[in-house]
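691 is the number of the first residue of the sequence shown in the working numbering; add one for each residue after it. We put the beta carbon where it would ideally sit given N, CA and C, even for glycine.
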Amino acid sequence: MMFDSVIIGAGIAGSVAARELAETGKKVLILEQRDHIGGNCYDEKDEHGILVHKYGPHIFHTKEQRAYDYLSRFTKWYEFGHEVVANVHGKLIPVPFNLNTLHMVYEKEQADVLEQKLVDAFGMDSRVPILKLREHQDPEIRQIADYVYENIFLHYTMKQWGQTPEEIDPAVTERVPVLISHDNRYFQEPWQGMPKDGYTAMFQAMLDHPDITVETGVDARERLEFTDKQVLLDKVPFTGEVIYTGPLDELFDCRFGRLAYRSLNFDFVYMDQEDYQGHSVVNYTVSEDFTRITEFKYLTGQKAPGTTIVREYPFAYTGAPGEIPYYSIASEENRKLYEKYKELLLGIPNVYLLGRLAEYQYYNIDAMVLKALKLADRIKEGTGAVR
Ligand code: FAD
Ligand code: UDP
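What follows is the structure, given as structure tokens:
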């Protein structure tokens, strides 16, 4: 069969791009090295019938109507306001730290005064990055900041990144700002929840198109070759679009050295009891080697007599067989190395890099949907991608 486009990776980036191109009449081939579609969003029932997210908890959240509407073509939603608590020396407190949290960790009188100070300083409903809060001129505000830093950010960040909050890109901790509000939700965007029948069902619906062929269990590097000037598919020059969503260094056998990533080990445990922690996600911010425990039934709304949890243990990705690169690590040095790899593609204008790995960026699902739609728009218009 002749294909117009080849996409490497059946995660959200590759799948949205594939659907969009197929709807313009192109014949699309997706090569996916895993034995399933969905990338890191993949979910499945475990042997006890509990729907679990194989690569860690994924909650869809967005303020972008286009992303929500697009995915809504392929799924209905189980909508809820996602809440997270932190286990701080055995006490469970809402995260992001907000005015409710303040009242849980300070006595009422002091909390009332501090609340007023925070509202006066930043305004109700504002979002303050922890590193900014720590620089505030008012010593009492700095005292709250120190509490939040020490009890919410420092140890969790050390586990997740192997670095302190000051050492990592500030944009990372800004994802979880201190909230000057009484909103206990983890995200404030208007649309949040889960695909009603799970992510995998949503991906199946998206890829269910007569002009999309998906081959799983195929490492694209066995089928595609990237020379200075062209791409070969099964040894034959291929001039259609090639959209790559995997790690860029691995496309070139890491010839300049490996790009740095953080990885995770997931430890799934089934328990023959109705409830384990009463919450979907508990972050362990001052203790343990793992960062968080997710109890899936509270994420998906599933009713079952037993329950499955997962603990996440972060570590530095080395590229050893079986390891998966999950998080790019933003730094000037890493960006330079990434750009060096990108230059290897300058002579092949029909190759596009898309996705969290290929672009070496910290994207959420909704951002990925939008980027994939925009790339497909540009390909349709014939204007190509801005690389
Ligand atoms: P991926 O999902 O990684 O897909 C890339 C695919 O390419 C993979 O399936 C891979 O196997 C395949 N591939 C790579 N190389 C090759 C090759 N050589 N040949 C063939 N196939 C190849 N986002 C949210 O919005 N909400 C959340 O709650 C959330 N939670 C997350 C939790 C964790 C633990 C992680 C790691 C991420 C989370 N994300 C979340 C982010 C979300 O996973 C990403 O935005 C999304 O998965 C990115 O999609 P992608 O298609 O770019 O990458
Ligand atoms: N973070 C933290 N404590 C928490 C939650 C988050 O220190 O309880 C920090 C940590 O550095 C983390 C970052 O904030 O990597 C972003 O958190 P988020 O939940 O957005 O990360 P995700 O799991 O979605 O990648």
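Should residue i and residue j be called a contact, given that it needs their Cβ atoms to be closer than 8 Å?
| i | j | result |
| --- | --- | --- |
| Y934 | L1060 | no |
| I1083 | A776 | As displayed, the chain neither begins before 691 nor continues past 1077, which places residue 1083 out of reach and without an answer. |
| L923 | V718 | no |
| T984 | H738 | no |
| A950 | N1040 | no |
| L823 | V868 | yes |
| G930 | D694 | yes |
Take residue i as the anchor and find which of the options has the nearest alpha-carbon.
| i | options | result |
| --- | --- | --- |
| H772 | L869, S970, I702 and V921 | S970 |
| D873 | H793, E857 and V908 | H793 |
| E754 | W881, A1006 and E797 | W881 |
| A1087 | I858, A757, G1009 and L721 | What is shown of the chain runs 691 to 1077, which leaves residue 1087 out entirely. |
| I702 | T929, R911, D979 and A891 | A891 |
| P937 | G715, Y1052 and H726 | Y1052 |
| T863 | V785, E879 and E905 | V785 |
| K744 | D725, E912 and S762 | D725 |
| L954 | I1014, F916, V866 and E931 | I1014 |
| E830 | R982, E857 and A801 | A801 |
| V972 | Y988, M961, Y960 and Q806 | Y988 |
| Y966 | G947, G996, D979 and Y951 | G996 |
| P747 | I834, G888 and R832 | G888 |
| E825 | H899, E856, K1070 and K993 | E856 |
| D979 | R913, W851 and L1063 | W851 |
| G715 | H751, I902 and T752 | I902 |
| M961 | T981, A994, T929 and Y974 | A994 |
| F770 | Q827, R875 and K822 | R875 |
| R1046 | R948, Q827, K822 and Y1017 | Y1017 |
| G1009 | E1022, C944 and H751 | C944 |
| V774 | R1068, E1022, T981 and Q992 | T981 |
| E879 | P1011, Y1050, D898 and F750 | F750 |
For ligand 3, any of its heavy atoms closer than 7 Å to the Cβ of residue i?
| i | result |
| --- | --- |
| N1054 | By its list of ligands, the structure shown excludes ligand 3, since it contains just ligand 1 and ligand 2. |
CB-CB under 7 Å to residue i, same chain, minus the five flanking residues each way: which ones, in chain order?
| i | result |
| --- | --- |
| K665 | This structure does not reach residue 665, given that the chain is present from 691 up to 1077, and the question cannot be answered. |
| H779 | V976 |
| T854 | L844, T847 and M848 |
| G947 | L1027 |
To the nearest angstrom, report how far apart residue i and residue j are at their CA atoms.
| i | j | result |
| --- | --- | --- |
| R1077 | F877 | Low per-residue confidence applies at R1077: pLDDT is 47, beneath 50, and the placement is therefore not dependable enough to give any value. |
| K1032 | V838 | 39 Å |
| K798 | F986 | 34 Å |
| D733 | G907 | 17 Å |
| G1037 | P927 | 14 Å |
| T990 | L741 | 8 Å |
| V803 | I1055 | 39 Å |
| P1004 | L941 | 24 Å |
| E905 | I783 | 45 Å |
| G968 | L711 | 43 Å |
| E964 | R952 | 33 Å |
| A1048 | Y796 | 45 Å |
| C731 | I834 | 36 Å |
| Y1007 | Q806 | 45 Å |
| P900 | E713 | 10 Å |
Between residue i and the rest of its own chain, which residues show a CB-CB distance below 6 Å, the 5 nearest in sequence each way excluded?
| i | result |
| --- | --- |
| D957 | R1001 |
| M896 | S705, R709 and F764 |
| A1020 | D859 |
| Q723 | D909 |
| L761 | none |
Which same chain residues, not among the five before or five after residue i, have their C-beta less than 8 Å away from its C-beta?
| i | result |
| --- | --- |
| I870 | N788, L789, L808, V809, F812, G813, M814, D815, S816, R817 and V818 |
| L1065 | A707, I933, Y1042, L1044 and A1075 |
Open item on the list: Quick check on the DSSP output: what are the complete alpha helix (DSSP H) runs of length 4 or more inside the stretch 982 to 1050, in order along the chain?
Closed with: 986 to 990 and 1022 to 1033
Task: Whole runs of the alpha helix (DSSP H) within the stretch 691 to 729, excluding any shorter than 4 residues - done: 702 to 713
Task: beta strand (DSSP E) segments (min. 3 residues) lying fully within the stretch 851 to 907 - done: 868 to 870, 881 to 885 and 902 to 906
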